[in-house]
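Visitor: To start, I am sharing the structure in question, which I have written as structure tokens.
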Amino acid sequence: MPAEALIEAAGLAAGYDGRPAISGVSFCLRPGERMALLGPNGGGKTTLLRALLGELRPLTGELRVGARCATVPQTERSQLDYPVSALDVAAMGALSRLPWWRRPGRRDREAAMDALGQVGLGDLARETFGKLSGGQRQRVLIARSLVQDARVLLLDEPFSGLDRPSSERLEALIGALAAEGRGVVIATHDLEQVRRWDSVLCLNGSQVAVGAPDDVLDLGVLEATYGGAIVELPGSAGRGILPPHHHHHRS
Amino acid sequence: MIEPLQDEFMRRAIAEMTLIAIAGGALGCWVVLYRLSYAAESLAHSVFPGLVLAALTGVPLLIGGAPAILLAALAIAAVARVPGVSREVAVGVVVTTLFGLGALLALSPDSPPGLQGLLFGDILGPSDADLIAAGMLVPAVAVGLSLIHGRLLATGFDRVAARSLGASPGTTEIVLMMLLAAAIVVAVQGLGNLLVVAVFVGPAAAARQLTERIVPMMALSVAIAAIAGLAGLYVSYYAGTAGGASVAAAIVVTYLLSLPVGRLVSPGGEKRPPAVATIV
Chain D
9 MPAEALIEAA
19 GLAAGYDGRP
29 AISGVSFCLR
39 PGERMALLGP
49 NGGGKTTLLR
59 ALLGELRPLT
69 GELRVGARCA
79 TVPQTERSQL
89 DYPVSALDVA
99 AMGALSRLPW
109 WRRPGRRDRE
119 AAMDALGQVG
129 LGDLARETFG
139 KLSGGQRQRV
149 LIARSLVQDA
159 RVLLLDEPFS
169 GLDRPSSERL
179 EALIGALAAE
189 GRGVVIATHD
199 LEQVRRWDSV
209 LCLNGSQVAV
219 GAPDDVLDLG
229 VLEATYGGAI
239 VELPGSAGRG
249 ILPPHHHHHR
259 S
Chain G
5 MIEPLQDEFM
15 RRAIAEMTLI
25 AIAGGALGCW
35 VVLYRLSYAA
45 ESLAHSVFPG
55 LVLAALTGVP
65 LLIGGAPAIL
75 LAALAIAAVA
85 RVPGVSREVA
95 VGVVVTTLFG
105 LGALLALSPD
115 SPPGLQGLLF
125 GDILGPSDAD
135 LIAAGMLVPA
145 VAVGLSLIHG
155 RLLATGFDRV
165 AARSLGASPG
175 TTEIVLMMLL
185 AAAIVVAVQG
195 LGNLLVVAVF
205 VGPAAAARQL
215 TERIVPMMAL
225 SVAIAAIAGL
235 AGLYVSYYAG
245 TAGGASVAAA
255 IVVTYLLSLP
265 VGRLVSPGGE
275 KRPPAVATIV
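Residue numbers (our numbering), protein chains in the order written: chain D, 9 to 259; chain G, 5 to 284.
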């Protein structure tokens, strides 16, 4: 494992009940790297994220995670009618450090307040979580992972359902977190966005390709990743786009 | 207002009801937020055969009820493991079996009369043992809920993420169910098998209409349970109605009142969980 790598996987296979849902996954995530996880629904993106979190053990191959990972799930999964403020949710990040009988205390809430400030939500700390917009909720969950003191953030389709200003704001935040030396893994379907990041891992059950977006994302790789769902636009020089139904879906 | 307090039995009834209200009101918030109303009602029903056996053999009801609720919880967990059987189906199968067994015992010709009291409770005549049990229940629930508060909040918010936060949702839920089971076994002596769930659902559902934060919700829920309990006992005293039923009715009334009040204090109140389905 290179000294500075946050995560390194070699020939990783993981799955459920002994049956691999993903296989042949090999990559290295370094500090400051934004890595896109590209693949069809059911292609194993969530399985890989769960393996990185330690929820699934590797069936074969090696996985070395050298830093604390935090998950930033899709916010639709949380109860939106739940009686918690943005601050309460961000403070939940402290649970990972506390013994089981302790709840987040004043110092943890101060850390949560700082984290909310960092994601630009200091003013909305007292607002009920479910009343925030989708993009704001996503940023609260990122704040929670900052309170967790995670060096690796795993974002599961964070842009799904966001409008353009919210998307841009979230992308800028991801860039800022990477600039601080965190590694960020982002499951997504947005090819244009992926091209702006540092690396991409294409996954369709087994790993199709990994590397810098400009080196990796050609029509052949996208077809192998998404099957026949790729549409080539005239003049797109073989770059390919996904049909719209691949956006805004959960994997 | 003072007259009922001059009767020893009313003072004891108010003490018992207030203790049950404190435990039920606080626990009830998690019952509502975790959508455990059906489980709470089921656990209460599953205590019935244990209570009947205890009544028939002359041992304290608590000693009959505790193993019955434990058996029910284990049976539900076991049946839910059968492939193709959901937890809801498991609860239905186990609870009807146990409740049916209790009814069979209670209605057999050899059974002494008065066993129907187990169905509706006897809030107006708590024994010393009942009062002691309720008195021990309150600190147990307070300490238990306080210890796991952070984890309860995180687990209810997003169970999957809670695991990655180290909140051990499985253990947290088991502790919650154990507290709930203990509270039901104690409260069922006063309010009875059929009505006890009211105190675990109604006040919390009403409090949910009035606030969007968990700690104020718990404080309001306890207050509502205590006030409704007191109101129910007074109605029972003056109108001569059954104690447990009067308390349950008062709780339902406070819930219904909370609906318009909730809309006044928070215009966004329509997003609240539909907890009403279980209590009315």
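For every residue, glycine included, the Cβ atom is placed at its ideal position computed from N, Cα and C.
Listed from N- to C-terminal order along the chain, which residues in the region 13 to 29 of chain G have their beta-carbon within a distance smaller than 8 Å of any beta-carbon of chain D?
Guide: Here the close residues number zero.
Visitor: What does a CB cutoff of less than 8 Å around D/R58 pick up in its chain, not counting 5 residues either side in sequence?
Guide: Hits under 8 Å: A22, L64.
Visitor: Since D/D131 is in the alpha helix (DSSP H), which residue starts that stretch and which ends it?
Guide: Per DSSP, D/D131 belongs to no alpha helix (DSSP H) and is neither H nor E.
Visitor: Have a look at D/V202 and G/G160 and give me their C-alpha separation to the nearest angstrom.
Guide: Whole-angstrom Cα-Cα distance: 34 Å.
Visitor: In this structure, does DSSP put D/D193 in helix, strand or coil?
Guide: The sequence as given places Val at residue 193 of chain D; Asp does not occur at that position. Correct three-state label for D/V193: strand.
Visitor: Determine the burial state of D/A180: buried for a count of at least 16 other Cβ atoms within 10 Å of its Cβ, exposed for fewer.
Guide: It is exposed - the Cβ of D/A180 has fewer than 16 other Cβ atoms within 10 Å.
Visitor: Are there 16 or more other CB atoms within 10 angstroms of the CB of D/P81, so buried, or fewer, so exposed?
Guide: Under this definition D/P81 is a buried residue.
Visitor: Over what stretch of residues does the alpha helix (DSSP H) that includes D/P28 continue unbroken?
Guide: Not the alpha helix (DSSP H): D/P28 falls in the beta strand (DSSP E), residues 27 to 37.
Visitor: Give me the chain D residues within the contact set of G/G170, using Cβ-Cβ distance strictly less than 7 Å, ordered along the chain.
Guide: Chain D residues near G/G170: L103, S104.
Visitor: Thinking just about the alpha-carbon of each residue, which of G/A110, G/M181, G/A223, G/E92 is nearest to the one in G/T61?
Guide: Measuring from the Cα of G/T61, the nearest candidate turns out to be G/A110.
Visitor: D/E63 CB to nearest chain G CB: under 9 Å?
Guide: So, interface residue.
Visitor: Let me confirm a value: D/W109 is counted as buried when at least 16 other C-beta atoms fall within 10 Å, else exposed. Which label applies?
Guide: Exposed is the call here.
Visitor: Under a CB-based cut-off of 9 Å, is D/S259 close to chain G?
Guide: Because D/S259 sits at a pLDDT of 37, beneath the cut-off of 50, its placement in the model cannot be relied upon, and the point is left open.
Visitor: Fully enclosed by the region 149 to 235 of chain D, which beta strand (DSSP E) runs are 3 residues long or longer?
Guide: As far as the region 149 to 235 of chain D is concerned, its whole beta strand (DSSP E) runs of at least 3 residues are 160 to 164, 191 to 196, 207 to 212, 214 to 219.
Visitor: Is the beta carbon of D/A123 less than 9 Å from the beta carbon of D/V160?
Guide: No; because the gap between Cβ atoms is not below 9 Å, this pair is not in contact.
Visitor: Going along the chain, which residues of its own chain have a beta-carbon closer than 7 Å to the beta-carbon of G/V97, five neighbours each way excluded?
Guide: Cβ neighbours of G/V97 beyond the five flanking positions: V83.
Visitor: Just the C-alpha distance for G/L199 and D/I194, rounded to the nearest angstrom, thanks.
Guide: Computed Cα separation, rounded: 50 Å.
Visitor: List in chain order: all unbroken alpha helix (DSSP H) runs of 4+ residues lying wholly within the region 42 to 107 of chain G.
Guide: With a minimum length of 4 residues, the continuous alpha helix (DSSP H) runs that stay inside the region 42 to 107 of chain G are 52 to 61, 65 to 84.
Visitor: Buried or exposed for D/S175, please, with buried defined as at least 16 other CB atoms from any protein chain shown within 10 angstroms of its CB.
Guide: By the neighbour-count rule (16 or more Cβ atoms within 10 Å), D/S175 is buried.
Visitor: Would you verify that the beta carbon of G/M182 is, or is not, closer than 9 Å to some beta carbon of chain D?
Guide: Judged by the 9 Å Cβ criterion, G/M182 is not in contact with chain D.
Visitor: If we cut at 9 Å on Cβ distances, does D/V127 have a partner in chain G?
Guide: No, no contact with chain G.
Visitor: Are there three or more Cβ pairs, one per stretch, closer than 8 Å when the region 168 to 176 of chain G is compared with the region 15 to 31 of chain G?
Guide: No, the region 168 to 176 of chain G is not in contact with the region 15 to 31 of chain G.
Visitor: Is G/L65 buried or exposed, if buried means 16 or more other CB atoms sit within 10 Å of its CB?
Guide: Looking at its Cβ environment, which holds 16 or more other Cβ atoms inside 10 Å, G/L65 is buried.
Visitor: Are there 16 or more other CB atoms within 10 angstroms of the CB of G/E45, so buried, or fewer, so exposed?
Guide: Label assigned to G/E45: buried.
Visitor: Ordered along the chain, which non-local residues of its own chain (more than five positions away) have a Cβ less than 6 Å from that of D/H255?
Guide: Reliability fails at D/H255, whose pLDDT of 48 lies under 50, so the model's placement of it is uncertain and the value that follows must be treated cautiously. Excluding sequence neighbours, D/H255 sits near H197.
Visitor: Are the CB atoms of D/R134 and D/L95 within a distance shorter than 9 Å?
Guide: Closer than 9 Å, so yes.
Visitor: Report the three-state DSSP secondary structure of D/G23 (helix, strand or coil).
Guide: Reduced to three states, the DSSP call for D/G23 is strand.
Visitor: Decide yes or no for the touch test of the region 70 to 77 of chain D against the region 188 to 204 of chain G: beta carbon pairs closer than 8 Å, at least 3 of them.
Guide: Taking 8 Å as the limit for Cβ pairs, the verdict is that the region 188 to 204 of chain G does not touch the region 70 to 77 of chain D.
Visitor: Would the beta-carbon of D/L33 fall within 9 Å of that of D/L67?
Guide: Here residue 33 of chain D turns out to be Val, not Leu, going by the sequence shown. Taking 9 Å as the Cβ cut-off, D/V33 and D/L67 do not qualify as a contacting pair.
Visitor: Take the Cβ of D/E200 as the centre, count every other Cβ of all protein chains shown within 10 Å, and call the residue buried at 16 or more, exposed below.
Guide: Counting Cβ neighbours within 10 Å, D/E200 comes out exposed, since fewer than 16 surround it.
Visitor: On the criterion of 16 or more Cβ atoms from any shown chain inside 10 Å, does G/G54 qualify as buried, or is it exposed?
Guide: Looking at its Cβ environment, which holds 16 or more other Cβ atoms inside 10 Å, G/G54 is buried.
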